[in-house]
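Chains as they are written, first to last, in our numbering: chain A, 1 to 437; chain B, 1001 to 1256.
For reference, the structure discussed in these notes is given below.
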Amino acid sequence: MSEAVLQDLELKAGAAIAEGPEWLEPLRRAAAARFGAVGFPSSRDEEWRFTPIAPIAQRIWRPAPGEPAALRLEQLNPFIFGHPEWTTLVFVDGAYSDPLSRVPVLPSGVKVGSLAEALRENGGLLPEHLTRHAPADGSPFTALNTAAFRDGGLLHVPAGLDLECPVHFVFVTTSAAEGTAIHPRNLIVVERGARASVIESYVTLAPESAYWTNAVSEVSAAEGSWLEHTRIQRESERAYHVGLSHVDQRRDSHYRSFSMAMGGALARHNLHVRLNDENIETLMYGLYITRGEQVVDNHTAIYHDQPNCRSWEVYKGVLDGRSRAVFNGKVFVQPEAQKTDAKQTNRNLLLSDGAKVDTKPQLEIFADDVRCTHGATVGRLDDVALFYARSRGVPHAEAERLLIYAFAAEVIEEVALEPVRLELDRLVLERLEAQRG
Amino acid sequence: MLEIRDLRASAGDKEILKGINLTVNPGEVHAVMGPNGSGKSTLAQVLAGHPAYEVTSGSVLYEGRDLLDLEPEERAQAGVFLAFQYPVEIPGVTNAYFLRAAYNEIRKARGEEEIDSMDFVDLLEEKLKVVDWGPEIMSRAVNSGFSGGEKKRNEILQLAVLEPRLAILDETDSGLDIDALRIVAAGVNTLRSQDRSFIVVTHYQRLLNYIVPDFVHVLSNGRIAMSGGRDLALELEARGYEWVDAAATAASGAGA
């Protein structure tokens, strides 16, 4: 690889190739070369047509500070929810903070903690999974992350274990993140018949700062496993966020995702789920709430490679101001994937004349005995429903909030873990209060 | 309690109410009947402040206040309630949450303390009996996936909780089977009182077998063509709405 490519990475993407164990080095170099070859996507790239990433590509980003800023535990209170016994891993400006994190005593065999630490220990699990689920030849952002990631959350649940205690990865930025690029990398491996709930939060203590998060999460859901994976994106509204979640599911597994996006000047989340075997169930839920000039983009892709699987997807958006949302949902059904049952829905609620949505379902179906449906709607608050609430004594502004909340709550209800549901509810209500109070 | 004088209202360019006069005293039950398109549902919705209709002239005094000057929520807070012909589904919000929000808004407007969800559960327990329901219905989303009968029962439950002074029932009987009709009517009857008035809008006399009105008015082409006691409803059933039109035409011809 040329020095120029390396320099380019380091200068533009704040992404000096990070160190790692021996097996990882060539993968990192290949990923760097890949990024060097393709660079940032342009607006001519179909995958990025509606998402103006020029503000990311044209800026020179510094690497994130290697040391976590010293924070007091109370400063994290706005982002922590659930029960004190939950496992909480805190990453400050991308770096793992041991004093802020909380890892209770867990059943033996469970591995949870900083990925960087695990790489130093170089356990057997990592070569088998890390970079194996999120191919670096996919998105240039994944390539960049693979070259440059330093840390992130690791969870490994051994076969047959029900990890009752949810795990929360908290990525918090401070004012020290200004002008930097952070490349978190998460790995979640749920073995045969195991169960787990994982939450990723991307939050900030510096709501005025401009930084760039480029996160990748790899998920492996083995045979008969059950995983709920929630992602809460509440970055600074001046920040940029690109996130990619790559999920591999095996036979009889159940994976449910909830992707909440509220932050970022520009935020993009890709969720790719591959159904590698039969009798798999995949539920993908999403909610985006935007205002001002925000651009929030969700791309999902589900690969039905094998027969008798079911995928169910509902993404909803509430847009205000001059904000813009993009939804692109791909469903690929391979010729072998007979009896596939796939449903995809995207519903958008526009609260202002200036807000705009580009929604595009893409079903590519090569099997004939399947049931695949999709639907997309873009609408405004229903006048009749508004009148109904007002005719019961609820004032106009309150009735509007109630209906917006109802719209959002309908998808939040699908979250299995109650404390997560309550937190998402709270975030919606808090935003409605701030925005339309 | 309610004085409607020469009320005219339009939807878009189309005039629907063409001079309604009606007086309702406390405790009275007035049935408003009429063929489809006569304006009876419009009258109900105009009284509740539906934004789709524009009042072009006339006045409505409610307990001495100009009702038409009030926003829909202010009317509700002042004690006016409309049971919708097509109750609205609100997925995402439970019946309990919605009803408590409404109840508390009305209390707030009256300068009373809001009540918490525990006390509200106690209150509901009483009110659910009015429509012969268990508490399960309260954790379902508002009208969402409810059958036609359940939706109408839910309207009556709201009526029972919000305790209006003037309740307007807009074709509450439409789409009900006989059992649901009995439950709904029995609910309304338990809510009748000396200081609560009802305007019962219906196409069919059937409902009036259960909710016995003090007065019956027949609307035709945006006006009250005929008024009488409950016998008028029975006569209507026997003779049909054409008879009212004919009689009204004859009457206006005689007067000219």
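Backbone N, C-alpha and C define an ideal beta-carbon position, used for all residues, glycine too.
Out of curiosity, what's the CA-to-CA distance linking residue 55(A) and residue 284(A)?
29 Å
For residue 428(A) and residue 258(A), I'd like the C-alpha separation in whole angstroms.
14 Å
Please state if the CB of residue 1060(B) and the CB of residue 1263(B) are separated by a distance shorter than 9 Å.
Any answer about residue 1263(B) is impossible in this case: the structure gives chain B only from 1001 up to 1256.
Do you know how far the Cα of residue 232(A) is from the Cα of residue 176(A)?
22 Å
Checking 9 Å against the spacing of the C-beta atoms, do residue 1038(B) and residue 1241(B) come in under that value?
Yes. Within cutoff.
In angstroms, rounded to a whole number, what distance separates the CA positions of residue 73(A) and residue 1114(B)?
36 Å
Between the C-alpha atoms of residue 1018(B) and residue 1057(B), what's the straight-line distance to the nearest angstrom?
Their Cα atoms are separated by approximately 9 Å.
Can you give me the C-alpha to C-alpha distance between residue 1094(B) and residue 83(A), rounded to a whole angstrom?
Linking residue 1094(B) to residue 83(A) through their CA atoms gives a straight-line distance of about 25 Å.
Name the chain A residues whose beta carbon is nearer than 8 Å to that of residue 1082(B)?
391
With 9 Å as the threshold, decide whether the Cβ of residue 407(A) is near any Cβ in chain B.
yes
Take every Cβ of the region 1128-1136 of chain B, pair it with every Cβ of the region 1039-1049 of chain B, and state whether three or more of those distances are shorter than 8 Å.
no
Below 8 Å, can you find three or more Cβ-Cβ pairs linking the region 270-286 of chain A to the region 305-316 of chain A?
yes
May I have a chain-ordered list of the alpha helix (DSSP H) segments no shorter than 4 residues that lie completely inside the region 1075-1109 of chain B?
1095-1109
Residue 366(A): buried (16+ other C-beta within 10 angstroms of its C-beta) or exposed?
exposed
Leaving out the 5 sequence neighbours to the left and right, which residues in its chain are closer than 6 Å to residue 230(A) when beta-carbon positions are compared?
199, 258, 420
Drop a sphere of 10 angstroms on the beta-carbon of residue 1196(B), count the other beta-carbons inside from all chains shown, and report buried for 16 or more, exposed for fewer.
buried
Find the residues of chain B that neighbour residue 442(A), judging by a C-beta separation of less than 9 Å, and give them in chain order.
The question about residue 442(A) has no answer here: the residues shown for chain A are numbered 1 through 437.
For the region 1155-1171 of chain B, enumerate the residues whose C-beta is nearer than 8 Å to any C-beta of chain A, in chain order.
Within the region 1155-1171 of chain B, the residues whose Cβ lies closer than 8 Å to some Cβ of chain A are 1158, 1162, listed in chain order.
Using beta carbons (cut-off 9 Å, strictly below), is residue 1088(B) in contact with chain A?
yes
List, in order along the chain, the chain A residues whose C-beta lies closer than 9 Å to that of residue 1092(B)?
403, 405, 406, 407, 408, 409, 410, 411, 412, 413
Ignoring anything shorter than 3 residues or poking outside the region 60-117 of chain A, list the beta strand (DSSP E) runs there in chain order.
87-92, 95-102, 111-114
What does the Cβ neighbour count give for residue 107(A), buried or exposed, with the cut at 16 atoms within 10 Å?
exposed
Please identify, using Cβ separations under 8 Å, the residues of the region 1050-1081 of chain B that lie next to chain A, in order along the chain.
Per Cβ criterion, the list reads 1050, 1051, 1052, 1071, 1072, 1073, 1075, 1076, 1077, 1081.
Please decide whether residue 1101(B) counts as near chain A, where near means a Cβ-Cβ distance under 9 Å.
yes
DSSP puts residue 1054(B) in a beta bridge; with which residues?
BP columns for residue 1054(B) point to 1010(B).
Is any beta-carbon of chain A found at less than 9 Å from that of residue 1113(B)?
no
From the beta carbon of residue 326(A), is the nearest beta carbon of chain B less than 9 Å away?
By the rule that beta-carbons nearer than 9 Å mark a contact, residue 326(A) does not touch chain B.
Indicate the three-state DSSP secondary structure (helix, strand or coil) for residue 328(A) in the structure shown.
strand
Who does residue 1038(B) pair with in a DSSP beta bridge?
DSSP lists no partner for residue 1038(B).
Using a Cβ cut-off of 9 Å, which residues of the region 235-248 of chain A contact any Cβ in chain B, in chain order?
none
Does the structure place the region 394-412 of chain A close enough to the region 263-280 of chain A that three or more beta carbon pairs sit under 8 Å?
no
Which of the three DSSP states is assigned to residue 1140(B) in this structure?
coil
Between the region 1010-1028 of chain B and the region 1116-1130 of chain B, do three or more beta carbon pairs fall short of 8 Å?
no
So, is the C-beta of residue 1098(B) closer than 9 Å to a C-beta in chain A?
yes
Flag residue 1150(B) as yes if its beta-carbon sits less than 9 Å from any beta-carbon of chain A, otherwise no.
no
Determine the burial state of residue 1105(B): buried for a count of at least 16 other Cβ atoms within 10 Å of its Cβ, exposed for fewer.
buried
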